[in-house]
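The structure under discussion appears below in the form of structure tokens.
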Amino acid sequence: MQKNFRLPETHPAFRLNKLYYTNEELAAVAYSLIKEGEPYEAQAGNFLLDWLNDKDYVEVKTSGSTGAPKTIRIKKQFMINSAKATGRFFDLPAGTTALHCLPVDFIAGKMMLVRAILLGWEIDLRLPKANPLDQVFKIYDFCAMTPFQLDNSLSRLHLIRKLIVGGGAISSTQKNLVQGLATEVYETYGMTETVTHIAARRVNPKKMKSDPIPFTVLPNVSISTDDRDCLVIKAPQLSEIEIVTNDVVELLTSKTFIWKGRYDNVINSGGVKLHPEQIETKLEPIIPSRFFVTSLPDPSLGEKLVLMVESDFSEEALLSLENEIKTSRKLGKFEIPKKIYFVEKFEETPNGKIHRGNTLKSRMA
Numbered sequence: 001m002q003k004n005f006r007l008p009e010t011h012p013a014f015r016l017n018k019l020y021y022t023n024e025e026l027a028a029v030a031y032s033l034i035k036e037g038e039p040y041e042a043q044a045g046n047f048l049l050d051w052l053n054d055k056d057y058v059e060v061k062t063s064g065s066t067g068a069p070k071t072i073r074i075k076k077q078f079m080i081n082s083a084k085a086t087g088r089f090f091d092l093p094a095g096t097t098a099l100h101c102l103p104v105d106f107i108a109g110k111m112m113l114v115r116a117i118l119l120g121w122e123i124d125l126r127l128p129k130a131n132p133l134d135q136v137f138k139i140y141d142f143c144a145m146t147p148f149q150l151d152n153s154l155s156r157l158h159l160i161r162k163l164i165v166g167g168g169a170i171s172s173t174q175k176n177l178v179q180g181l182a183t184e185v186y187e188t189y190g191m192t193e194t195v196t197h198i199a200a201r202r203v204n205p206k207k208m209k210s211d212p213i214p215f216t217v218l219p220n221v222s223i224s225t226d227d228r229d230c231l232v233i234k235a236p237q238l239s240e241i242e243i244v245t246n247d248v249v250e251l252l253t254s255k256t257f258i259w260k261g262r263y264d265n266v267i268n269s270g271g272v273k274l275h276p277e278q279i280e281t282k283l284e285p286i287i288p289s290r291f292f293v294t295s296l297p298d299p300s301l302g303e304k305l306v307l308m309v310e311s312d313f314s315e316e317a318l319l320s321l322e323n324e325i326k327t328s329r330k331l332g333k334f335e336i337p338k339k340i341y342f343v344e345k346f347e348e349t350p351n352g353k354i355h356r357g358n359t360l361k362s363r364m365a
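Here it is, written out as structure tokens:
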């Protein structure tokens with residue numbers, strides 16, 4: 001147990017679905033959500049009971065996007081610190097109205113509730129679905145979504161004043177579509193181990209800045225790189241250990257960085273290092289469906305660049321795509337895939353991200 005840890009009482013301004021609850025009352029609500037609520041409400045109820053119990057930690061599942069999903073323990077004090085940092089960074093004081101539309105099984109959904117409880121937000125819990133704004137008829141100050149939810153909410157984004165998007169990168173197409181909107185749209189960087197985001201960048205600033213726009217870290221976070229140029233995070237208020245990531249970055253200042261891609265995704269093709277994520281950004285305007293770039297063993301190159309597309313195969317579609325890619329002026333000669341594979345349905349992680357490794361294995365099997 002953490003010495004001298006005491007869970008704070010709910011903020012006086014806190015509201016859950018329009019009603020205020022003390023910690024004691026919130027526990028009763030949690031039982032009601034578990035017993036009588038929809039599955040997504042039961043998830044929230046289970047977490048609230050975990051939050052309100054006498055343990056100083058919460059058990060959280062990682063997403064499994066870069067390895068096997070696992071359960072880790074996160075100190076409640078770190079969750080408190082993270083909530084306060086988010087409130088300061090995004091200027092979200094007591095009385096902020098927030099829409100909760102993420103699964104509470106994962107850290108992002110849990111932290112939306114923690115922020116509301118501690119910072120005094122008025123939060124509405126809604127079904128996590130592809131188009132969360134579909135039946136929303138009021139304006140919210142704040143919301144968190146996945147890139148997939150953003151994609152399905154563009155026509156109603158005026159209902160959100162500030163939106164953070166995490167769990168995956170915002171595509172260049174999505175960035176183009178949110179330019180000029182009144183909604184402040186932020187892409188976040190983080191992971192379960194850092195109690196959600198430790199950095200963010202606004203992708204639709206009023207005045208367009210340099211491209212790519214760098215990430216800026218939250219308060220009390222220090223960053224550096226290791227000998228692989230991968231990001232190293234030191235955030236003593238969020239983690240007891242220094243977190244060495246597999247994210248290749250370019251440090252601009254002590255507080256800003258540009259994300260380039262995953263170190264474990266880097267492809268060495270004939271001595272040329274290729275970052276799939278950078279190539280994917282260039283391919284996005286060409287390919288309407290989901291896709292990703294990866295590699296396969298090659299006797300002469302070591303690794304050859306291949307493109308996986310989630311779509312039904314046809315010879316006509318393949319020839320058309322090959323022609324568009326070869327004539328694209330954005331791609332360097334080493335960035336043109338040596339082979340294109342069509343896959344009817346990509347393998348996914350538990351929270352809906354593309355599982356590149358499993359997809360490749362199933363297609364090559």
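Counting in the UniProt record's numbering, the sequence shown tops out at residue 365, every number present.
Ideal placement from N, C-alpha and C gives every residue a C-beta, glycine not left out.
Legend entry - Contact set for T71: own chain, Cβ-Cβ below 8 Å, skip 5 residues either direction: Same-chain partners within the cutoff: E59, V60, K61 and T62.
Inset, instruction - Could you give the DSSP three-state label for T62: helix, strand or coil? - result: It is coil, neither helix nor strand.
Legend entry - Reduced DSSP category for R201 - H, G, I as helix; E, B as strand; rest coil: If DSSP states are grouped into helix, strand and coil, R201 belongs with the strands.
Legend entry - Identified DSSP bridge partners for G216: Looking at the sequence provided, one finds Thr at residue 216 rather than Gly. T216 is bridged to A200 and T256.
Legend entry - Other residues of its chain near V114: CB distance less than 6 Å, five sequence neighbours each side excluded: Here the set comprises M79 and A83.
Legend entry - Contact belief for P8 with L118 at Cβ below 8 Å, rounded distance in angstroms: Confirmed, about 6 Å.
Inset, instruction - To the nearest angstrom, report how far apart L49 and Q77 are at their CA atoms. - result: If you take the alpha carbons of L49 and Q77, they lie about 16 Å apart.
Inset, instruction - Could you check the C-alpha separation between T194 and E348 for me, to the nearest Å? - result: Roughly 23 Å between the two C-alpha positions.
Legend entry - Residue closest to E310, alpha-carbon to alpha-carbon, out of S320, K338, G261 and R363: Minimum Cα distance to E310 is reached at R363.
Legend entry - Beta bridge counterpart(s) of T225 as assigned by DSSP: DSSP lists L231 as partners of T225.
Inset, instruction - Please say whether V306 and L296 have beta carbons closer to each other than 9 Å? - result: Result yes, Cβ atoms of L296 and V306 sit closer than 9 Å.
Inset, instruction - Decide if Q179 is buried, meaning its Cβ has at least 16 other Cβ atoms within 10 Å, or exposed. - result: With fewer than 16 other Cβ atoms within 10 Å, it is exposed.
Inset, instruction - Quick one: measure Cβ to Cβ for L33 and A42, integer angstroms, because I've assumed they're closer than 8 Å. - result: That pair is a contact at about 6 Å.
Legend entry - Cβ-Cβ distance between T281 and S171 below 9 Å: Yes, they are a contact pair.
Legend entry - For M1, the three-state DSSP class (helix, strand or coil): Residue confidence is low: M1 scores 45 on pLDDT, short of 50, so the model does not pin down where it sits. Its coordinate-derived value is still stated next. M1: coil per DSSP, three-state reduction.
Legend entry - Same chain, Cβ closer than 8 Å to A108, five either side skipped, listed in chain order: Around A108: L102, A144, G166, G167 and T196.
Inset, instruction - Could you check the C-alpha separation between R329 and T256 for me, to the nearest Å? - result: Straight-line spacing of the CA atoms in R329 and T256 works out to 30 Å.
Inset, instruction - Compute the Euclidean distance between the alpha carbons of N131 and L125, then round it to the nearest angstrom. - result: CA-to-CA, the gap between N131 and L125 works out to about 14 Å.
Inset, instruction - Give me the Cα-Cα distance between K175 and V203, rounded to the nearest whole angstrom. - result: Counting only the Cα atoms, V203 lies some 6 Å from K175.
Legend entry - Assigned secondary structure, Y20 (DSSP; H/G/I helix, E/B strand, else coil): In the structure shown, Y20 sits in coil (DSSP, three-state: anything other than H, G, I, E or B).
Inset, instruction - Below 7 Å CB to CB, which residues in the same chain sit around P128 once its five sequence neighbours on both sides are set aside? - result: Only Y40, C101, L102 and P103 meet the Cβ criterion.
Inset, instruction - Give the straight-line distance between the Cα atoms of M1 and T86, rounded to the nearest whole angstrom. - result: At M1 the pLDDT is 45, less than 50, meaning the model places this residue with poor confidence; the figure from the coordinates comes in the next sentence. Rounded to the nearest angstrom, the gap between the Cα atoms of M1 and T86 is 26 Å.
Inset, instruction - Enumerate in chain order the residues of its own chain whose CB-to-CB distance from residue 369 is below 8 Å, with the five nearest sequence positions on each side excluded. - result: The structure shown does not extend to residue 369, since the chain is modelled only from 1 to 365, so the question has no answer here.
Legend entry - Stretch pair the stretch 157-166 + the stretch 133-143: three plus CB contacts closer than 8 Å: Yes, they touch.
Inset, instruction - Consult DSSP for P297 and reduce its assignment to one of helix, strand or coil. - result: Of the three classes helix, strand and coil, the one that applies to P297 here is strand, per DSSP.
Inset, instruction - Label D319 either buried or exposed according to how many other C-beta atoms from any shown protein chain fall within 10 Å of its C-beta, with 16 as the threshold for buried. - result: Checking the displayed sequence, the identity of residue 319 turns out to be Leu instead of Asp. Taking all protein chains shown into account, L319 has fewer than 16 neighbouring C-beta atoms within 10 Å of its C-beta and is therefore exposed.
Inset, instruction - Select from A200, M191, T192 and A169 the residue whose C-alpha is nearest the C-alpha of E184. - result: For E184, the nearest C-alpha among the options comes from A200.
Inset, instruction - Starting from R356, follow the beta strand (DSSP E) in both directions and report where the run begins and ends. - result: Where R356 is concerned, there is no enclosing beta strand (DSSP E), although the alpha helix (DSSP H) it sits in stretches over R356 to M364.
Inset, instruction - Enumerate, from N- to C-terminal direction, the unbroken alpha helix (DSSP H) stretches of 4 or more residues contained entirely within the UniProt domain "AMP-dependent synthetase/ligase" (62-212). - result: Fully enclosed alpha helix (DSSP H) runs of 4 or longer: 76-89, 107-119, 147-151 and 172-178.
Legend entry - Any non-hydrogen atom of the ligand MG within 8 Å of Q43 CB: Questions concerning the ligand MG fall outside what the structure shown contains, since it holds no ligand whatsoever.
Inset, instruction - Return yes when the Cβ of P276 is within less than 9 Å of the Cβ of R262, no when it is not. - result: Yes, the pair counts as a contact, with Cβ atoms nearer than the cut-off.
Inset, instruction - Jot down the residue ranges of each uninterrupted beta strand (DSSP E) in the stretch 293-341, minimum 3 residues, whole runs only, in chain order. - result: Fully enclosed beta strand (DSSP E) runs of 3 or longer: 302-310.
Legend entry - Where Q149 falls, given that 16 or more other Cβ within 10 Å makes a residue buried: Here Q149 is buried: its Cβ has 16 or more other Cβ atoms, across all protein chains shown, within 10 Å.
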